[in-house]
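Scroll down for the structure; my scribbles are underneath it.
2 protein chains.
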Amino acid sequence: MKREIFVGKVGIGGDHPVSIQSMTNTDAGDVEGTLRQIRRLKAAGCDIVRVAVPRKAALAPFQRIVARSALPVIADIHFDAALALGALEKGAHGVRINPGNIGGSEKLKAVIRLAAQKKAPIRIGVNAGSLEKKYRRPGLERAEAMVASLLDRVKFFEDQGFFDLKLSLKSHDVAETVAANRLADRSCAYPLHLGVTEAGSYFAGAIRSAVGIGSLLLAGIGNTIRVSLTADPVREIRVARQILASVGLGRGGIDVVSCPTCARTSVDLIPLVEEFERKARRLRFPGRLRVALMGCEVNGPGEARDADVGVAFSRQRAFLFRKGKIVARVGAKEAIPRLLDLIRELATEADRA
Amino acid sequence: MKREIFVGKVGIGGDHPVSIQSMTNTDAGDVEGTLRQIRRLKAAGCDIVRVAVPRKAALAPFQRIVARSALPVIADIHFDAALALGALEKGAHGVRINPGNIGGSEKLKAVIRLAAQKKAPIRIGVNAGSLEKKYRRPGLERAEAMVASLLDRVKFFEDQGFFDLKLSLKSHDVAETVAANRLADRSCAYPLHLGVTEAGSYFAGAIRSAVGIGSLLLAGIGNTIRVSLTADPVREIRVARQILASVGLGRGGIDVVSCPTCARTSVDLIPLVEEFERKARRLRFPGRLRVALMGCEVNGPGEARDADVGVAFSRQRAFLFRKGKIVARVGAKEAIPRLLDLIRELATEADRA
Chain A
-6 MKREIFVGKV GIGGDHPVSI QSMTNTDAGD VEGTLRQIRR LKAAGCDIVR
44 VAVPRKAALA PFQRIVARSA LPVIADIHFD AALALGALEK GAHGVRINPG
94 NIGGSEKLKA VIRLAAQKKA PIRIGVNAGS LEKKYRRPGL ERAEAMVASL
144 LDRVKFFEDQ GFFDLKLSLK SHDVAETVAA NRLADRSCAY PLHLGVTEAG
194 SYFAGAIRSA VGIGSLLLAG IGNTIRVSLT ADPVREIRVA RQILASVGLG
244 RGGIDVVSCP TCARTSVDLI PLVEEFERKA RRLRFPGRLR VALMGCEVNG
294 PGEARDADVG VAFSRQRAFL FRKGKIVARV GAKEAIPRLL DLIRELATEA
344 DRA
Chain B
-6 MKREIFVGKV GIGGDHPVSI QSMTNTDAGD VEGTLRQIRR LKAAGCDIVR
44 VAVPRKAALA PFQRIVARSA LPVIADIHFD AALALGALEK GAHGVRINPG
94 NIGGSEKLKA VIRLAAQKKA PIRIGVNAGS LEKKYRRPGL ERAEAMVASL
144 LDRVKFFEDQ GFFDLKLSLK SHDVAETVAA NRLADRSCAY PLHLGVTEAG
194 SYFAGAIRSA VGIGSLLLAG IGNTIRVSLT ADPVREIRVA RQILASVGLG
244 RGGIDVVSCP TCARTSVDLI PLVEEFERKA RRLRFPGRLR VALMGCEVNG
294 PGEARDADVG VAFSRQRAFL FRKGKIVARV GAKEAIPRLL DLIRELATEA
344 DRA
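From first to last, the protein sequence lines are chains A and B. Mapping the first sequence onto this note's numbering, position 79 (from 1) lands on 72, and the numbers just tick up by one. Mapping the second sequence onto this note's numbering, position 256 (from 1) lands on 249, and the numbers just tick up by one.
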């Protein structure tokens, strides 16, 4: 499991589902246009948006964008620590910087200090194309060199006592992207941001991203993803969602219905629902499944007749039901694991259908 | 390395590049329409085509299709051994059967005997959806069960002395497809035909296939692929090619130019060109690279000025050149490996550019 960070209210790493990112391509000064694009991205299923802050004049509009954005905003900064400091002051929920081009270690330390103060995570990454010369050694695979470079950068942050990092390793070579991320996954516990650079046209980019990001997700690697396309960013979200669905991490496959809890509720239902939802995120289910979690036996199976499957708690016991009929009685503590097993069985049945 | 089989002239397994398959969706009796579709598939980059033979009446048109097809033709047979026998008699370059539904072991043996006689390989496979009951055991992952079922089927063929097999393990669950093929790859040396079943709409199917097939190819698994889409089969080829390109197995990244050989030629150039082409197929190269292989030093670097890189042989020695300039002198036997190294270096440079 990876360290948990938060970009605004969106958790990355830990038990959090893989989140989807994109980046606006509107003009840095166009507040309304950018906000409109962010709303479209959110409606499409985007969780976090990145907005470039290319110059000082962009800081004022950036502040207005962050203040009204429908999604947490990460400032994308290059070459100028003052822009990173400015974006953090203006409310950025995170920053993405290239520690190698920010203007030296003192300026980098200032950015780290302010990010820590603002509780904003920092994404640092290595792109194969801009790998520093000193890491290009004969006999060293470039994927290894990328990770070596990244870990040196990470150490600098750790030495400042800063750990709210998110890492990225990108190459336009899909195999290299996969190799570098596999190595990084084994090498440290920071959440990984997956993407393939210069992924190209919509079609080529979608396929290249699906291969690269999909392979890593299938291996259980990756905490947040961005599909880069030379296309409307909303299309990036569509591809990202389809990649997640392909590896069984799609959204909304399992709908949870739970009772509002009342005096009859014999268990602390809310943490049970949370536990279930957290664990169910990693479950694959073809199509949709409605799952009911009921706090007592009275309205359990009956009230949740529409649910495909569910559990009704009754003091120390729980009833598992399916299509309104009780199929098992178990101890309350076993209820969630047994329900998850039942869902896995149903998924297998649905596969066969 | 996997056992080498041939479907017509197309080699699968061994050193052969990953081939692309598709399946016609024209009416079984529509000879001209089917041939037209096969020509379109070939033009798009398809290597092998599958044609269903659903009933006895389809055998006569099938024969005319095979006789005039631009691509080797595999007969897709279900439920009736007589159709498999008929298709083999009519010239099928291979057959795809489901040993479990062909009408019993004696009929299966007859098909195997005739396929051996006709030197036609057989593809057998297991689809998660039709896994026989006896392999569905609690505690056994379905991917393992699929492989267990397949290996039992393989044994039946081996017991008849038949080894020209191609295997497939498909599921509509991408993770399961990948898991089953990884296990099969470790379990036997028959070439693997990769695909994701019921991959769905063009968009969803392309992404699902890219994740599943792409992951396996990145792991060095898979000898021939089919992208299944609910779409014009030509679109399957487009997606297949893009998947191959994404994992560095794209076609035409490296163009080989070689001299026609003459009296000055001091080496047996043709097998060297073949060796180079065979090995270069597994090389990744971003964009296009023109490689010249010249039989003597006279017209070597000079004549191949347009080539990005090349080698000119001179008796026991060889000159490696780049953009018309000699960059190394090596023994003739080292020439191809050194040329491949040089191309790998150029690929790395091109990546950085």
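Every residue, glycine too, gets a C-beta built ideally from N, C-alpha and C.
Please look up how many angstroms separate the CB atoms of residue i and residue j, rounded, as I've assumed it's under 8 Å.
i               : j                : result
lysine 272/B    : leucine 333/B    : 6 Å
arginine 260/B  : alanine 325/B    : Here residue 260/B is valine; the residue named in the question, arginine, does not match the sequence. Sure, about 6 Å apart at Cβ, within 8 Å.
valine 202/B    : valine 220/B     : Note on residue identity: the sequence assigns serine, not valine, to residue 202/B. Right, their Cβ atoms sit about 4 Å apart.
glycine 7/B     : lysine -5/B      : 7 Å
lysine 102/B    : glutamine 30/B   : Wrong, their Cβ atoms sit about 34 Å apart, outside the cutoff.
leucine 211/B   : alanine 121/A    : Between alanine 121/A and leucine 211/B the Cβ distance is about 16 Å, and since that is not below 8 Å, they are no contact.
aspartate 301/A : leucine 282/A    : 5 Å
glycine 205/A   : valine 171/A     : 6 Å
leucine 158/B   : isoleucine 117/B : 6 Å
glycine 241/A   : arginine 234/A   : Not confirmed; about 13 Å, so no contact.
valine 119/A    : leucine 176/A    : In fact, because the Cβ distance is near 12 Å, the residues do not count as touching under 8 Å.
glycine 93/B    : glutamate 134/B  : With 8 Å as the limit, glycine 93/B and glutamate 134/B do not qualify as a contact, their Cβ atoms being about 20 Å apart.
arginine 331/A  : valine 323/A     : 5 Å
leucine 237/B   : cysteine 181/B   : That pair is no contact at about 24 Å.
alanine 21/B    : proline 54/B     : 6 Å
glycine 303/B   : valine 320/B     : Contact doesn't hold; Cβ gap of about 10 Å is too wide.
Taking C-beta to C-beta, are residue i and residue j nearer than 8 Å?
i                   : j                : result
arginine 32/B       : alanine 63/B     : yes
valine 46/B         : isoleucine 67/B  : no
threonine 190/B     : glutamine 14/B   : no
tyrosine 128/B      : alanine 138/B    : yes
glycine 96/A        : alanine 80/A     : no
leucine 34/B        : valine 24/B      : no
glycine 215/A       : valine 11/A      : yes
aspartate 178/A     : leucine 185/A    : yes
phenylalanine 269/A : alanine 340/A    : no
phenylalanine 72/B  : alanine 108/B    : no
leucine 276/B       : isoleucine 329/B : no
alanine 60/B        : glycine 84/B     : yes
tyrosine 183/A      : leucine 209/A    : no
tyrosine 195/A      : leucine 222/A    : yes
glycine 351/A       : glycine 213/B    : Because residue 351/A is not part of the residues shown, which for chain A are -6 to 346, the question remains open.
proline 226/A       : threonine 27/A   : no
phenylalanine 306/B : glycine 288/B    : yes
alanine 173/B       : alanine 136/B    : yes
isoleucine 115/A    : glycine 132/A    : no
isoleucine 39/B     : isoleucine 263/B : Before going further, note that residue 39/B is cysteine rather than isoleucine in the sequence given. No, they are not a contact pair.
Less than 8 Å between CB atoms is the rule here; does residue i satisfy it with respect to chain B?
i               : result
threonine 341/A : yes
arginine 33/A   : no
leucine 313/A   : no
serine 371/A    : Residue 371/A is absent from the model: chain A starts at -6 and stops at 346.
alanine 203/A   : yes
glycine 207/A   : yes
valine 119/A    : no
valine 171/A    : yes
Could one say the Cβ of residue i lies closer than 8 Å to chain A's Cβ atoms, at least one of them?
i                   : result
isoleucine 200/B    : yes
phenylalanine 196/B : yes
glycine 93/B        : no
alanine 53/B        : no
leucine 211/B       : yes
- Task: Could you please tell me which residues of the segment 134 to 168 of chain A, in chain order, have their CB closer than 8 Å to any CB of chain B?
- Result: Arg135, Ser164, His165, Asp166, Val167, Ala168
- Task: Quick one: which residues of the segment 219 to 246 of chain A get their C-beta closer than 9 Å to a C-beta of chain E? List them in chain order.
- Result: Protein chains A and B are contained in the structure displayed, whereas chain E is not.
- Output the residue ranges of the beta strand (DSSP E) runs that lie fully inside the segment 306 to 341 of chain B and measure 3 residues or longer, sorted by chain position. 310 to 315, 318 to 324
- Query: In chain order, which alpha helix (DSSP H) runs of at least 4 residues are fully inside the segment 136 to 224 of chain B?
  - Reply: 167 to 180, 195 to 211
- Item | Members of the segment 305 to 331 of chain B near chain A, C-beta cut-off 7 Å | none
- Task: Kindly provide the ranges of any alpha helix (DSSP H) runs that are 4 or more residues long and lie completely inside the segment 82 to 121 of chain B, ordered along the chain.
- Result: 98 to 110
- Query: Which runs of the beta strand (DSSP E) spanning at least 3 residues fall entirely within the segment 4 to 56 of chain A, listed in chain order?
  - Reply: 12 to 16, 41 to 45
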